[in-house]
Amino acid sequence: MSHRHAFALCADDFALSPAVTRGILEALAAGRLTATSAMTTQANWPEAASAFRALAPKADLGLHFNLTLGGPLGAMPSFAPTGAFPAMNSIVPAAWRGGLPRREIRDELRRQLDAFEQAYGAPPDYVDGHQHVHVLPGIADDLIAELSSRGLAGKCWLRDSADRPRRIFARGRHWGKALTVAGLARGFRAKARGAGFTLNDGFSGFSDFDAKGDHAGDFASFLRAPGARPLIMCHPGHVDDELARLDPVTDSREAELAFLLSDDFSRQLDAAGARLARLSEM
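Here the numbering used here is used: the first residue of the sequence shown is 9, the next is one more, and so on.
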């Protein structure tokens, strides 16, 4: 096995809803994931944290910093005046023109990190962001500063949501989304490394969230053109009313979970000469 290329496979949106959590726990128990990113803004988080503990030796548990789904853990009068987070398409231009209320966002980051530690009893193994908000200008600076102030530089890793264009094009699928996010993340890697944080090297997993999509073909493409510490994101889970109320991505989660638990998934790894590993151990 040691000659195989190691990949971290991370399920986003842990604790988004009870059904999503249940699906991710099934994939973790089956050894089909090596990381999952938790949304500590959600009511399901304490229960999800408790359920993860039995699986902790198998996978990294991270904070999925959330500024776009549901609402914050505390008052954000400028950023979320109605108690609901704004849409990503309004956050991006504000971030690039320096128009975000950064103190409010950093206070919310602290609340989400505190909620992680209170429920799980330890800081996160890594941090990333829902819809990749963590890489945006201003937010990225405050994230790195807050984690550093907690003594987590060199202890927790950060997700670099960007990859090199030649790798993105070599995969042949979903390159539009991948290039867009790489553009948003410009400069993030240098800032994080400069502050002493480890990051993944290589990032894939973009999809169109089509329940009838070619999940096996997509996964085969994610394994192509890896970096030195490649990370693949995925969005498996079951569907419940809570998920349907909060997020448009529903049935594709069931299809992704079914693929992860299938023999086809193992065959894809074998065909690519790949194996799953925790990024914290790469």
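Ideal placement from N, C-alpha and C gives every residue a C-beta, glycine not left out.
Item                                                                                                   : Value
As assigned by DSSP and simplified to three states, the class of GLY159                                : coil
Beta carbon of ALA14 nearer than 7 Å to that of THR42                                                  : no
Reference ARG253, options ARG12, VAL28, CYS18, closest by Cα                                           : VAL28
Endpoints, alpha helix (DSSP H) assigned at MET47                                                      : Note, MET47: premise wrong, no alpha helix (DSSP H); not H, not E.
Extent of the continuous alpha helix (DSSP H) run through GLY137                                       : First-last for GLY137: 134–137, but that is the beta strand (DSSP E), not the alpha helix (DSSP H).
Cβ neighbours of ASP272 in the same chain (closer than 8 Å, five flanking residues each side left out) : ALA224
For HIS13, the three-state DSSP class (helix, strand or coil)                                          : strand
Length-filtered (4 minimum) alpha helix (DSSP H) runs lying within the region 165–202                  : 173–179, 183–192, 196–202
Bounding residues of the beta strand (DSSP E) (the contiguous stretch that carries LEU269)             : Careful: LEU269 lies outside any beta strand (DSSP E) and carries neither H nor E.
Nearest neighbour of ALA228, chosen from ARG275, PHE217, ASP259, THR90 [CA to CA]                      : ARG275
Residue from ARG175, ASP122, VAL143 with nearest C-alpha to ARG197                                     : VAL143
Coarse secondary structure for MET241, derived from DSSP in three states                               : strand
Alpha-carbon to alpha-carbon, PHE217 and GLU262                                                        : 11 Å
PHE73, enclosing beta strand (DSSP E) - first and last residue                                         : 68–73
Cβ shell of GLY235 (< 6 Å), same chain only, five flanking positions each side left out                : ASP209, GLY210
Given LEU71 as reference, the closest of ALA64, PRO89, ALA92, THR49 once Cα atoms are compared         : THR49
Integer-rounded CB distance, given that ALA161 should sit under 8 Å from ALA193                        : With a Cβ gap of about 19 Å, ALA193 and ALA161 do not count as contacting.
ALA233 vs ALA153 beta-carbon contact at 7 Å                                                            : no
Collapsed DSSP secondary structure at MET290 in the structure displayed                                : coil
PHE214 in three-state terms, based on DSSP                                                             : coil
Element boundaries [alpha helix (DSSP H), containing ALA236]                                           : Run containing ALA236: none; DSSP gives neither H nor E here.
Per-residue burial, GLU264 [other beta carbons within 10 Å of its own, 16 or more giving buried]       : buried
The region 81–92 contacting the region 55–66, beta-carbon criterion three pairs below 8 Å              : no
Coil, strand or helix - LEU81 by DSSP                                                                  : coil
Boundaries (first-last residue) of the alpha helix (DSSP H) holding ARG40                              : That residue, ARG40, is in no alpha helix (DSSP H); it is neither H nor E in DSSP.
Contact set for LEU284: own chain, Cβ-Cβ below 8 Å, skip 5 residues either direction                   : ALA14, PHE15, ALA16, LEU17, GLY39, ARG40, LEU41, THR42, LEU277
Exposure label - THR188; buried when at least 16 CB within 10 Å                                        : exposed
Same chain, Cβ closer than 8 Å to LYS199, five either side skipped, listed in chain order              : ALA148, ASP149, ILE152
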